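Here is the structure we will look at.
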Amino acid sequence: MSAILECDEVVRVFGAVRVVDGATFAVDEHSVTGLIGPNGAGKSTLFATIAGSLKPNSGRILFSGNRIDRKPAYRVARAGVVRTYQAARVLTRMSVLDNLLLASKGHPGESLRGIALRPRAARAHEQRTRARALDLLSLVGLDSYALAYAGTLSGGQRKLLDLARVLMLEPSLILLDEPMAGVAPVLRVELLEHILAVRRDRGITFLIVEHDLDFVMQAADRVVVMNEGRVLTVGTPAEVRANEQVVDAYLGTAR
Amino acid sequence: MSPALLEVAGLEAGYDDALIVRGADLVAEREQIIAVVGPNGAGKSTLLKAIYGLIRPRDGSVRFDGEVVTGARPDRLTRRGMNLVPQTENVFPTLSVAENLHVGALVLPREERRSEIERVLELFPLIAERMGQRAGSLSGGQRKLVALARALVARPRLLLLDEPSAGLSPMAIDLVFEKLVEIRSLGIAIVMVEQNARRALGLADVGYVLDTGRNAYSGPGEQLLDDPRVVELYLGGSGTMRTSRG
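These protein sequence lines map, in sequence, to chains Y and F.
The first sequence finishes on residue 811 if you use my numbering, and the numbering steps up by one all the way, no holes.
The second sequence finishes on residue 271 if you use my numbering, and the numbering steps up by one all the way, no holes.
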């Protein structure tokens with residue numbers, strides 16, 4: 557299996573703190589890779605450097621063999637890497653459905669030419685997009701809120717909308733930052749199943765920061781463990797669970 | 026018999042034209058941990074905000090220590106002994122950790138602030154190491170601990186916690202839930218909203234399951250965990266996805 561994402565000695569410094577301190581690991585294409593570690597290990601910062609919203613101080617990040625560590629976030633996203641946020645960001649003054657429609661790309665109706673020359677194609681595309689958005693909303697349990705302002709959603713619901721947004725985009729690599737925090741247990745099972753189905757049917761790769769270990773252990777093929785800005789170990793969920801260093805640094809009694 | 030520490034009756038609250046909490050009841054006695062669980066959007070956070078006066082209830086009542094405090098200002102409630110830790114945006118990011126705690130202690134007499142902060146720091150050695158660091162440079166989980174400590178230095182009798190375990194590593198969750206038991210033993214009551222329902226209900230003296238802004242079920246925490254109706258509505262039937270250790 558080839559690597560879709562490679563982080564090579566990535567360093568990111570805030571003031572005097574080396575939050576990411578030489579992180580090196582690879583994410584296999586079509587895999588679900590878990591990224592775990594204690595609070596403050598540098599997971600979210602690493603996410604931001606991969607997604608291009610932060611520049612690494614040193615080190616290289618390769619996506620499909622091409623360097624992305626010097627690219628701005630929008631170009632990283634266009635290349636096929638999108639992320640969600642721990643505290644989800646939604647467009648509060650737009651409807652829930654519009655939040656999703658805006659996320660999808662390549663509308664023929666976006667350009668005057670598209671509308672003028674291929675009106676039927678533009679309309680058909682819009683209908684398909686809309687149908688898919690509604691499907692995704694029902695998946696995350698938000699279908700009855702489709703026409704409500706996204707600003708009226710609760711914290712947990714906003715995370716679900718954010719998750720639907722990245723699924724709408726269908727990029728090559730999805731970075732999920734704690735998708736399950738604040739999500740009701742009954743929904744977690746469904747979201748896990750969906751993520752696995754998306755990977756299987758569409759070949760999308762997932763890199764997931766998550767503290768819900770049961771989720772990580774069920775979802776992930778491989779798990780990367782970070783501690784103090786570095787990669788402590790990489791392995792299958794079972795290997796990681798049995799690793800004494802991981803138990804000491806992270807799992808405690810939770811294994 | 027003295028009145029309950031917190032008594033919420035028929036509370037209704039929401040935003041603009043959306044009514045989110047539609048007649049919720051809740052009672053917390055001294056030294057009790059109360060867990061409020063429920064599906065996303067059930068109105069759990071809004072309930073906490075309405076109790077703490079961040080949004081004005083449209084109907085119903087909140088009694089704290091026997092006195093009606095419905096719609097009272099949050100700062101007044103903090104002085105009376107109620108404090109809230111929000112889900113996000115719960116620290117002052119441009120202030121240092123030490124300054125955050127100092128702000129939390131401002132409701133105390135000047136001469137007691139320092140000793141109270143030191144007492145709380147004994148509960149949180151992880152924070153004590155980072156007193157000079159800007160709170161905005163902390164990770165999500167570390168901020169949670171600072172926010173909890175900030176609320177505690179005001180010496181509350183009732184703590185309202187919005188998802189204390191979300192975003193925390195398994196070890197940190199163990200730590201926080203241990204702290205909650207310690208906090209209870211100090212005589213402080215806790216009302217927490219949690220998605221880590223099995224842990225929260227396992228710990229709680231009383232649990233409330235909220236659905237569409239109303240009380241669906243309530244009872245001793247352990248009992249709710251075994252209630253098939255609660256499993257159906259909220260926990261999920263398979264049991265394969267036990268959150269954390271379950």
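Beta carbons: idealized from backbone N, C-alpha and C, even for Gly.
None of the values given here were measured: they were computed from a predicted structure.
#1: Could you say if the stretch 72 to 89 of chain F and the stretch 98 to 115 of chain F meet the contact criterion of at least three C-beta pairs nearer than 8 Å?
#2: In chain order, what residues of the stretch 93 to 113 of chain F put their CB closer than 9 Å to some CB of chain Y?
#3: Per the DSSP calculation, ALA689(Y) is bridged to which residue(s)?
#4: Counting pairs of beta carbons, one from the stretch 30 to 50 of chain F and one from the stretch 670 to 680 of chain Y, are three or more of them closer than 8 Å?
#5: Keeping to the same chain, check which residues put their C-beta closer than 6 Å to that of ASP804(Y); ignore five residues upstream and five downstream.
#6: So, under 8 Å CB-CB, GLY785(Y) and VAL575(Y) are touching, yes? Tell me the CB distance rounded to an integer number of Å.
#7: Taking buried to mean at least 16 other C-beta atoms within 10 Å of its own C-beta, is PRO134(F) buried or exposed?
#8: On the CB-based measure, 16 or more other CB atoms within 10 Å of its CB, does GLU188(F) come out buried or exposed?
#9: Output, in sequence order along the chain, the residues in the stretch 26 to 41 of chain F whose CB is closer than 7 Å to any CB in chain Y.
#10: Which two residues bound the contiguous alpha helix (DSSP H) that contains ILE213(F)?
#11: Quick one: grab the DSSP three-state call for ARG175(F).
#12: Looking only at C-alpha atoms, which of SER140(F), PHE202(F), GLY192(F) sits nearest to ILE764(Y)?
#13: Taking 8 Å as the CB-CB limit, is ALA222(F) close to chain Y?
#14: Does the stretch 232 to 247 of chain F come into contact with the stretch 49 to 68 of chain F, if we say contact requires no fewer than three beta-carbon pairs (one atom in each stretch) closer than 8 Å?
#15: Which residues in chain Y sit within 7 Å of GLN57(F), going by Cβ to Cβ distance?
#16: Using a Cβ-Cβ distance cut-off of 8 Å, determine whether TYR806(Y) contacts chain F.
#17: How big is the Cα-Cα spacing for LEU657(Y) and LEU743(Y)?
#18: Which runs of the alpha helix (DSSP H) spanning at least 4 residues fall entirely within the stretch 585 to 612 of chain Y, listed in chain order?
#19: Does LEU131(F) pass the burial test, meaning 16 or more other C-beta atoms within 10 Å, or should it be called exposed?
#20: Nearest to ASP770(Y) by CA position, among VAL566(Y), ASN783(Y), LEU748(Y), MET782(Y), is which residue?
#21: With a threshold of 8 Å, are at least 3 pairs of Cβ atoms found where one atom belongs to the stretch 626 to 640 of chain Y and the other to the stretch 721 to 730 of chain Y?
#22: Under 8 Å, do ARG55(F) and ALA214(F) count as touching if we go by C-beta distance?
#23: Helix, strand or coil, according to DSSP, for ALA737(Y) in the structure here?
#24: Taking the alpha helix (DSSP H) that TYR630(Y) belongs to, which residues open and close that run?
#25: For the putative contact between VAL588(Y) and GLY578(Y), defined by C-beta atoms under 8 Å, what is the C-beta separation to the nearest angstrom?
#26: Measure the CB-CB distance between ALA229(F) and ALA29(F) and report whether it falls below 8 Å.
#27: GLY707(Y) and ARG649(Y) - do their beta-carbons sit closer together than 8 Å?
#28: Of all the CB atoms in chain Y, is at least one closer than 8 Å to the CB of ARG267(F)?
#29: Report, in whole angstroms, the separation of the C-beta atoms of GLN158(F) and SER194(F), which I expect to be a contact under 8 Å.
#30: According to DSSP, GLY39(F) sits in a beta bridge with which residue or residues?
#31: Would you mind giving the Cβ-Cβ distance between VAL787(Y) and ARG778(Y), rounded to the nearest angstrom? I have them listed as a contact below 8 Å.
#32: Go ahead and pull the three-state DSSP assignment for TYR259(F).
#33: Applying a beta-carbon distance threshold of less than 9 Å, which residues of chain Y neighbour PRO253(F)?
#34: Let me know the secondary structure DSSP gives ASP718(Y) once reduced to three states.
#35: Should LEU807(Y) and MET156(F) be called a contact, given that it needs their Cβ atoms to be closer than 8 Å?
#36: How many angstroms separate the CA atom of THR601(Y) from the CA atom of TYR641(Y)?
Answer, in terms of the structure:
#1: By the criterion of at least three beta-carbon pairs nearer than 8 Å, the stretch 72 to 89 of chain F is in contact with the stretch 98 to 115 of chain F.
#2: Of all residues in the stretch 93 to 113 of chain F, the ones placed with a Cβ closer than 9 Å to any Cβ belonging to chain Y are GLN112, THR113, in chain order.
#3: What you label residue 689(Y) is simply residue 133 of the first sequence in a count that begins at 1. Residue pairing from DSSP leaves ALA689(Y) without any beta-bridge partner.
#4: No contact exists between the stretch 30 to 50 of chain F and the stretch 670 to 680 of chain Y.
#5: Translated into positions along the first sequence, residue 804(Y) becomes position 248. A distance below 6 Å between beta-carbons, with the five flanking residues on each side excluded, links ASP804(Y) to no residue of its chain.
#6: Here residue 785(Y) refers to the residue found at position 229 of the first sequence. Here residue 575(Y) refers to the residue found at position 19 of the first sequence. At roughly 6 Å, the Cβ-Cβ gap stays under 8 Å, so GLY785(Y) and VAL575(Y) are in contact.
#7: As a first step, residue 134(F) must be located in the second sequence, where it is residue number 109. PRO134(F) should be labelled exposed.
#8: Reading the second sequence from its first residue, position 163 is the one you call residue 188(F). With 16 or more other Cβ atoms within 10 Å, it is buried.
#9: Answer in chain order: TYR40.
#10: Counting from one through the second sequence, the residue named residue 213(F) turns up at place 188. Neither: ILE213(F) is in no alpha helix (DSSP H) and is coded neither H nor E.
#11: Residue numbering aside, residue 175(F) sits at position 150 when the second sequence is read from its first letter. Helix at ARG175(F).
#12: As a position in the first sequence, residue 764(Y) is number 208, starting the count at 1. Closest in alpha carbon position to ILE764(Y), among SER140(F), PHE202(F), GLY192(F), is GLY192(F).
#13: Within the second sequence, the letter at position 197 stands for residue 222(F). Contact of ALA222(F) with chain Y is assigned, a C-beta pair being separated by under 8 Å.
#14: The stretch 232 to 247 of chain F and the stretch 49 to 68 of chain F touch, with no fewer than 3 CB-CB distances between them shorter than 8 Å.
#15: As a first step, residue 57(F) is located in the second sequence; it is residue number 32 there, counting from the start. Contact of GLN57(F) with chain Y by beta-carbon distance below 7 Å is absent, the smallest such distance being about 23 Å.
#16: Here residue 806(Y) corresponds to residue number 250 of the first sequence, with the count starting at 1. Taking Cβ atoms only, chain F reaches closer than 8 Å to TYR806(Y), which makes this a yes.
#17: Here residue 657(Y) refers to the residue found at position 101 of the first sequence. Here residue 743(Y) refers to the residue found at position 187 of the first sequence. About 23 Å.
#18: Entirely contained in the stretch 585 to 612 of chain Y, the alpha helix (DSSP H) runs reaching 4 residues are, in chain order, 599 to 607.
#19: Residue 131(F) sits at position 106 when you count from the first residue of the second sequence. Result: exposed.
#20: The sequence position of residue 770(Y) within the first sequence is 214, counting from 1. It is LEU748(Y) whose Cα lies nearest to the Cα of ASP770(Y).
#21: Counting Cβ pairs under 8 Å, three or more are found: they touch.
#22: Stepping through the second sequence from its first residue, residue 55(F) is reached at position 30. Stepping through the second sequence from its first residue, residue 214(F) is reached at position 189. Cβ distance < 8 Å, so ARG55(F) and ALA214(F) count as in contact.
#23: The count along the first sequence starts at 1 and reaches residue 737(Y) at position 181. Three-state result, ALA737(Y): coil.
#24: The residue you call residue 630(Y) lines up with position 74 of the first sequence. It spans 629 to 635 - the alpha helix (DSSP H) in which TYR630(Y) sits, taken as one unbroken run.
#25: As a working note, residue 588(Y) is residue 32 in the first sequence. As a working note, residue 578(Y) is residue 22 in the first sequence. VAL588(Y) to GLY578(Y), Cβ: 25 Å. No contact.
#26: Looking up residue 229(F) in the second sequence gives position 204. Looking up residue 29(F) in the second sequence gives position 4. Their beta carbons are not under 8 Å apart, which means ALA229(F) does not touch ALA29(F) by this criterion.
#27: Here residue 649(Y) corresponds to residue number 93 of the first sequence, with the count starting at 1. Here residue 707(Y) corresponds to residue number 151 of the first sequence, with the count starting at 1. A distance below 8 Å separates the beta carbons of ARG649(Y) and GLY707(Y).
#28: Position 242 of the second sequence, counting from 1, holds the residue named residue 267(F). With a pLDDT of only 41 at ARG267(F), under the threshold of 50, the placement of this residue in the model should not be trusted, and no figure is reported.
#29: Numbered from its first residue, the second sequence carries residue 158(F) at position 133. Numbered from its first residue, the second sequence carries residue 194(F) at position 169. Contact between GLN158(F) and SER194(F) is absent: CB atoms are separated by about 19 Å, not below the 8 Å threshold.
#30: Here residue 39(F) refers to the residue found at position 14 of the second sequence. Looking at the DSSP output, GLY39(F) shares a beta bridge with LEU44(F).
#31: Working through the first sequence from its first residue, we reach residue 787(Y) at position 231. Working through the first sequence from its first residue, we reach residue 778(Y) at position 222. Actually they are not in contact, since the Cβ atoms of VAL787(Y) and ARG778(Y) sit about 12 Å apart, beyond 8 Å.
#32: Your numbering for residue 259(F) matches position 234 in the second sequence. Note: TYR259(F) maps to helix in three-state DSSP.
#33: Within the second sequence, residue 253(F) is the residue found at index 228, counting from 1. Ordered by position in chain Y, no residue passes the 9 Å Cβ test against PRO253(F), which lies about 13 Å from the chain.
#34: Numbered from its first residue, the first sequence carries residue 718(Y) at position 162. DSSP places ASP718(Y) within a helical segment (H, G or I) once states are collapsed to three.
#35: Mapped onto the first sequence, residue 807(Y) falls at position 251. Mapped onto the second sequence, residue 156(F) falls at position 131. Not closer than 8 Å, so no.
#36: Reading the first sequence from its first residue, position 45 is the one you call residue 601(Y). Reading the first sequence from its first residue, position 85 is the one you call residue 641(Y). The straight-line gap from Cα to Cα measures roughly 11 Å.
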